[in-house]
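Below is one structure; the comments refer to it alone.
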RNA sequence: GGCCCCAUCGUCUAGCGGUUAGGACAUCGGCCUCUCACGCCGGUAACGGGGGUUCAAGUCCCCCUGGGGUCACCA
């Protein structure tokens with residue numbers, strides 16, 4: 002297989018599902034690795050729900066993930082247009098070809114007739130299963146093409162269709178199970194399978210990656226390729242992502258839209274990493290950069306069983322990426338989340354940059370990171386009621402005042418000097434860090450959990466540290482009255 | 001129900017005839033320690049069942065069971 006042409010053909014139905022993007026992701030990685038082309042095509046042939054906003058959401062999702070395409074909307078390409086709704090003439094043309102060669106026929110049976118046949122079948126058999134519509138038009142050619150009709154494919158009833166799936170291996174389907182599926186609606190809009198085949202064929206697609214809920218569509222599609230005298234592409238059907246309960250992953254289980262993960266503070270590369278690793282493996286390695294993914298991906302190690310979504314592991318993967326990200330980039334990513342908290346700060350803010358090394362081990366998402374950075378970037382920390390009530394009380398006031406003076410007396414404002422200065426006092430008094438840490442922590446950060454005290458001080462800088470210690474001591478002296 | 005696919009710790013998985021069945025997340029202990037994390041050390045935990053093939057089966061074959069998908073003028 003040389004220079005594969007892979008496509009992703011989402012339908013604009015409101016959001017991009019992470020399960021859907023996963024199948025596309027494998028194809029994208031493959032195209033990247035092999036120097037092939039990645040084609041984006043919008044399958045907007047659904048009667049209802051097709052809005053421009055939904056198309057924008059697809060772009061936005063792909064942009065955020067960093068999945069670019071060589072051909073498609075926005076970038077154009079030799080096979081434009083890339084919207085199915087703008088390719089109607091093509092489908093008509095191919096339908097006519099199929100009719101002319103005897104592989105399809107015009108069917109004038111209406112929906113009512115179909116429904117009637119279905120209820121008859123139900124009456125006869127007692128159930129709806131296995132219903133196959135036998136169109137009375139199958140072998141007629143005397144219909145009036147100008148009258149409203151649909152086009153049906155004339156499926157063979159004998160023989161088998163087989164293909165070697167890149168992830169499932171050989172799959173065989175008996176033609177006897179096929180029915181005369183619909184190619185074209187009366188209004189000229191193609192049905193999924195037909196539009197897909199015509200587009201893949203005319204766009205020269207060589208590899209189709211999709212969820213394995215599509216395996217069932219493959220046999221009819223191969224039938225169409227054969228009827229058209231064309232070579233079918235290679236197929237790769239990925240197992241689906243299931244919810245923790247083993248059912249199809251849905252909103253009920255977790256965030257399911259790509260953009261939601263962006264808003265939840267996930268890193269795009271972490272999403273890529275988790276999704277790819279869910280169903281593909283490379284020995285014991287768990288964390289991959291995007292470039293590693295492109296370099297290492299292979300079809301041999303794509304599992305053939307469905308996988309369950311695991312929120313905890315996803316978070317872990319995100320945390321790993323968060324810690325590995327250069328701080329300049331991390332700062333740029335976290336700024337919007339700080340803004341959400343009402344903190345307007347530049348991405349090259351010195352305090353933010355200084356705090357990051359101490360914050361990343363304590364955060365799994367950008368939201369958590371912003372939360373952890375909060376008090377460093379506000380003029381005055383926001384005190385947690387519980388923390389203040391417990392630690393900024395008169396019994397600690399003297400300690401805080403003494404700490405203040407020791408910090409003030411430190412030779413220079415760095416980790417070692419601060420520690421030396423404070424330790425001198427502690428030892429002389431027979432105190433330990435435990436005795437003063439929490440009140441000091443609350444005075445400096447407003448909360449009971451933070452990086453090491455000296456680390457917080459150094460990031461804050463001398464002035465703000467002294468100021469907060471002073472204010473904390475005053476607060477402690479005045480007692481736990483929070484009404485002020 | 002027909003058809004298709006799938007099956008190793010709770011979860012994601014390594015394994016491609018001979019392994020003390022490995023890693024990661026989660027979980028449970030412990031260490032570190034000024035809090036919370038990070039980190040480090042250690043524990044619990046898996047080949048669904050039954051037949052074959054083979055000197056030897058988690059690995060190959062068959063059946064069962066279980067799970068998933070799909071049966072549209074949706075995609």
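Numbering (the working numbering), first residue to last: 2 to 485. Yeah, the Cβ is synthetic: ideal placement off N, Cα and C, and Gly gets one too.
Exercise. Could you give the C-beta distance for residue 60 and residue 104, rounded to a whole number, given that I count them as a contact under 8 Å?
Worked result: Stepping through the first chain from its first residue, residue 60 is reached at position 59. Stepping through the first chain from its first residue, residue 104 is reached at position 103. At roughly 37 Å, the Cβ-Cβ gap does not stay under 8 Å, so residue 60 and residue 104 are not in contact.
Exercise. Nearest-angstrom Cα distance between residue 455 and residue 386?
Worked result: Counting from 1 along the first chain, the entry for residue 455 is found at position 454. Counting from 1 along the first chain, the entry for residue 386 is found at position 385. About 23 Å.
Exercise. Under a Cβ-count criterion, where at least 16 other Cβ atoms within 10 Å of its own Cβ denotes burial, should residue 8 be classed as buried or exposed?
Worked result: Your numbering for residue 8 matches position 7 in the first chain. Buried, since its Cβ has 16 or more Cβ neighbours within 10 Å.
Exercise. Buried or exposed: where does residue 17 fall if 16 or more other Cβ atoms within 10 Å of its Cβ makes it buried?
Worked result: Sequence index remark: in the first chain, residue 17 carries index 16 (1-based). Result: buried.
Exercise. Does the Cβ-Cβ distance between residue 371 and residue 333 come in under 7 Å?
Worked result: In the first chain, the residue the question calls residue 371 occupies position 370. In the first chain, the residue the question calls residue 333 occupies position 332. Taking 7 Å as the Cβ cut-off, residue 371 and residue 333 do not qualify as a contacting pair.
Exercise. Where does residue 414 fall in DSSP's three states?
Worked result: Here the question's residue 414 lines up with position 413 in the first chain. Three-state DSSP puts residue 414 in coil, outside helix and strand.
For this session: Have a look at residue 1 and residue 67 and give me their C-alpha separation to the nearest angstrom.
Result: Absent from the model: residue 1. The displayed extent of the chain is 2 to 485, so no value can be given.
Exercise. Residue ranges of each alpha helix (DSSP H) run of no fewer than 4 residues wholly in the segment 280-335, ordered along the chain?
Worked result: 291-297, 312-325
For this session: Check whether the Cβ atoms of residue 377 and residue 460 lie closer than 7 Å to each other.
Result: Along the first chain, one-based indexing puts residue 377 at 376. Along the first chain, one-based indexing puts residue 460 at 459. It is a contact, given that the beta carbons lie within the stated cut-off.
Exercise. What are the complete beta strand (DSSP E) segments, minimum 3 residues, inside the segment 375-456?
Worked result: none
For this session: Compare the beta carbon distance of residue 368 and residue 266 with 7 Å and say whether it is the shorter of the two.
Result: Position 367 of the first chain, counting from 1, holds the residue named residue 368. Position 265 of the first chain, counting from 1, holds the residue named residue 266. For residue 368 and residue 266, yes; Cβs fall inside 7 Å.
Exercise. With distances taken from CA atoms, which of 125, 337, 10, 184 is nearest residue 151?
Worked result: Walking along the first chain from the start, residue 151 turns up at place 150. Closest option to residue 151, Cα to Cα, is 184.
Problem set entry | Alpha carbon of residue 421 to alpha carbon of residue 401, nearest angstrom | Against the first chain, residue 421 aligns to sequence position 420. Against the first chain, residue 401 aligns to sequence position 400. One C-alpha to the other measures close to 17 Å.
Exercise. Got a sec? Which residues, its chain only, sit under 6 Å from residue 122 by beta carbon, not counting five neighbours each side?
Worked result: Within the first chain, numbered from 1, the residue matching residue 122 stands at position 121. Hits under 6 Å: 132.
Exercise. DSSP state of residue 226, grouped into three classes?
Worked result: Along the first chain, read from residue 1 onward, the residue named residue 226 stands at position 225. In the structure shown, residue 226 sits in a helix (DSSP, three-state: H, G or I).
Problem set entry | Given 8 Å, three or more beta-carbon pairs between the segment 225-239 and the segment 88-106 | yes
Problem set entry | Inter-residue CB distance, residue 169 and residue 258 (contact presumed, cutoff 8 Å) | Translated into the one-based positions of the first chain, residue 169 becomes position 168. Translated into the one-based positions of the first chain, residue 258 becomes position 257. With a Cβ gap of about 27 Å, residue 169 and residue 258 do not count as contacting.
Problem set entry | Bridge-paired residues (DSSP) for residue 191 | Here residue 191 refers to the residue found at position 190 of the first chain. Residue 191 is bridged to 185.
For this session: Report yes if the C-beta distance between residue 5 and residue 219 is below 7 Å; otherwise report no.
Result: Indexing the first chain from 1 puts residue 5 at position 4. Indexing the first chain from 1 puts residue 219 at position 218. No. Outside cutoff.
Problem set entry | Extent of the continuous alpha helix (DSSP H) to which residue 259 belongs | Start at 1 with the first residue of the first chain, and residue 259 comes out as number 258. Taken as a continuous stretch (DSSP letters only), the alpha helix (DSSP H) holding residue 259 covers 259-264.
Problem set entry | First through last residue of the beta strand (DSSP E) which encompasses residue 20 | In the first chain, residue 20 corresponds to position 19, counting from 1. Counting along the chain, residue 20 falls outside any beta strand (DSSP E), though it belongs to the alpha helix (DSSP H) covering 19-35.
For this session: Quick one: using the 10 Å Cβ neighbour count with 16 as the cut-off for buried, is residue 429 buried or exposed?
Result: As a first step, residue 429 must be located in the first chain, where it is residue number 428. Label assigned to residue 429: exposed.
For this session: Please determine if the segment 246-261 and the segment 353-365 are in contact, where contact requires at least 3 C-beta pairs separated by less than 8 Å.
Result: no
Exercise. How many Å lie between residue 485 and residue 477 at the Cα?
Worked result: On the first chain, residue 485 is found 484 positions in, with the first residue counted as 1. On the first chain, residue 477 is found 476 positions in, with the first residue counted as 1. Residue placement at residue 485 is poorly supported in this model, since its pLDDT is 46, which falls under 50; the coordinates still yield a value, given next. So the two alpha carbons sit approximately 13 Å from each other.
Problem set entry | Contact under 7 Å by Cβ, residue 404 with residue 441 | In the first chain, counting from the first residue as 1, residue 404 sits at position 403. In the first chain, counting from the first residue as 1, residue 441 sits at position 440. Cβ distance < 7 Å, so residue 404 and residue 441 count as in contact.
Exercise. Looking at the structure shown, is residue 171 part of a helix, part of a strand, or coil, going by DSSP?
Worked result: Within the first chain, residue 171 is the residue found at index 170, counting from 1. Residue 171 falls in the strand class under three-state DSSP.
For this session: Please report how far the alpha carbon of residue 338 lies from the alpha carbon of residue 262, in whole angstroms.
Result: Numbered from 1 along the first chain, position 337 holds the residue referred to as residue 338. Numbered from 1 along the first chain, position 261 holds the residue referred to as residue 262. C-alpha separation (whole angstroms): 13 Å.
For this session: Measure how close the beta-carbons of residue 189 and residue 89 come, nearest whole angstrom, since I'm counting them as under 8 Å.
Result: Sequence index remark: in the first chain, residue 189 carries index 188 (1-based). Sequence index remark: in the first chain, residue 89 carries index 88 (1-based). Sure, about 5 Å apart at Cβ, within 8 Å.
Problem set entry | Pairwise C-alpha distance: residue 320 and residue 444 | The residue you call residue 444 lines up with position 443 of the first chain. The residue you call residue 320 lines up with position 319 of the first chain. In a straight line, the C-alpha of residue 444 is about 29 Å away from that of residue 320.
Exercise. Buried or exposed: which applies to residue 435, given that a residue is buried once 16 or more other Cβ atoms fall within 10 Å of its Cβ?
Worked result: Here residue 435 refers to the residue found at position 434 of the first chain. Classification for residue 435: exposed.
Exercise. Are there 16 or more other CB atoms within 10 angstroms of the CB of residue 340, so buried, or fewer, so exposed?
Worked result: The sequence position of residue 340 within the first chain is 339, counting from 1. So residue 340 ends up on the exposed side.
For this session: Look at the alpha carbon of residue 475 and the alpha carbon of residue 419, and state the distance between them as a whole number of angstroms.
Result: Translated into positions along the first chain, residue 475 becomes position 474. Translated into positions along the first chain, residue 419 becomes position 418. Approximately 22 Å, taken between the alpha carbons.
Exercise. What does a CB cutoff of less than 8 Å around residue 31 pick up in its chain, not counting 5 residues either side in sequence?
Worked result: Here the question's residue 31 lines up with position 30 in the first chain. Answer for residue 31: 5, 7, 37, 208, 210, 298, 300, listed in chain order.
Problem set entry | Beta-carbon proximity check, residue 309 vs residue 243, cutoff 7 Å | The residue you call residue 309 lines up with position 308 of the first chain. The residue you call residue 243 lines up with position 242 of the first chain. Contact: yes.
For this session: Would you decide whether residue 147 is buried or exposed? Buried here means 16 or more other CB atoms lie within 10 Å of its CB.
Result: In the first chain, residue 147 corresponds to position 146, counting from 1. By the neighbour-count rule (16 or more Cβ atoms within 10 Å), residue 147 is not buried but exposed.
For this session: Would you decide whether residue 191 is buried or exposed? Buried here means 16 or more other CB atoms lie within 10 Å of its CB.
Result: In the first chain, residue 191 corresponds to position 190, counting from 1. Per the 10 Å Cβ criterion, buried.
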